[in-house]
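Undergrad:
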Amino acid sequence: MKLHVLRASQNCRRPISVAAHLELDVELVDVDMSTGGHKQPAFLALNPNGKVPVLEADGYSLWEGTAIANHFAEGTALMPAGKKERAQVNQWQQWEGRHLGPRTDTFDYQNLVKPKFFNQEPDAAVVEKAAKGFHAVAPVLDTHLANHDWIVGADLSVADFCLGANFQYAAFNGLPWQDYANIQRWYARLSETKGWQSSQPSFG
Ligand SMILES: N[C@@H](CCC(=O)N[C@@H](CS)C(=O)NCC(=O)O)C(=O)O
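Numbering (our numbering), first residue to last: 19 to 222.
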């Protein structure tokens, strides 16, 4: 299987970290976005959205990082067997995609990507709006983690990797997460896992 990626992206970190944790035989293929590699016909045949990540497997392709992460996790210890727990994995992933991710993405893009790749200043108004949005949703996760070591049940699951990607640059992208001690402790726990350590991207 080939996983086409931009290693620095939080969307790609989700399936990359799960594959690394499970030691799956997945070849990472770096897509050169600077030359539009993701808009070429061969790439668009795999993912008509022209975005990474996309999995190229035997006879099929799969896009959306969380969907790929779940596909990898299926049938392993990272995907709970119980119906209730699987629904909770789904719940947190949906919440991440809709409420948390857009806010953390903004910090990555405005404070890291724009200055480094486009030589542009962050847009202060956009960052301020994202900070407000982040503070509106982060307490939900922080409160949950006050009495849970992991996102779902008692064990590490694919949900931890999917949510963890939101915080991969929090130490230096200006994300205002300082007051969320439970998120920080959980993220430190995730950072000790094999999958997280062996998928650490270098930004740039
Ligand atoms: N919802 C998608 C988002 C994928 C996405 O936005 N990927 C970015 C990299 S982080 C991309 O390929 N952008 C290129 C473009 O939009 O032209 C996922 O979670 O996989």
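Positions of the beta carbon are idealized from the N, C-alpha and C atoms, including for glycine.
Keep in mind the model is a prediction, meaning the values are calculated, not measured.
Leaving out five residues before and five after A183 in sequence, what residues of the same chain have Cβ atoms less than 6 Å from its Cβ?
TA: Result list for A183: Q28, R31, R32, in chain order.
Undergrad: At a threshold of 7 Å, does V144 count as lining ligand 1 (C-beta to nearest heavy atom)?
TA: No, Cβ of V144 sits at least 7 Å from all heavy atoms of ligand 1.
Undergrad: Below 8 Å between beta carbons: does that hold for V176 and M97?
TA: In contact: V176 and M97 (Cβ atoms closer than 8 Å).
Undergrad: When you compare each of L21, N88, Q58, V70 to L46 by their alpha carbons, which one comes out closest?
TA: Nearest of L21, N88, Q58, V70 to L46, Cα basis: L21.
Undergrad: Does the region 52–60 touch the region 102–118, meaning 3 or more C-beta pairs lie closer than 8 Å?
TA: No, the region 102–118 is not in contact with the region 52–60.
Undergrad: Just the Cα atoms here: how many angstroms apart are K101 and F185?
TA: Their Cα atoms are separated by approximately 28 Å.
Undergrad: When a residue counts only if its C-beta is closer than 5 Å to some heavy atom of ligand 1, which residues count, in chain order?
TA: Those residues, listed in chain order, are S27, N29, K69, V70, E82, G83.
Undergrad: Can you pull the DSSP bridge partners for A75?
TA: Y78.
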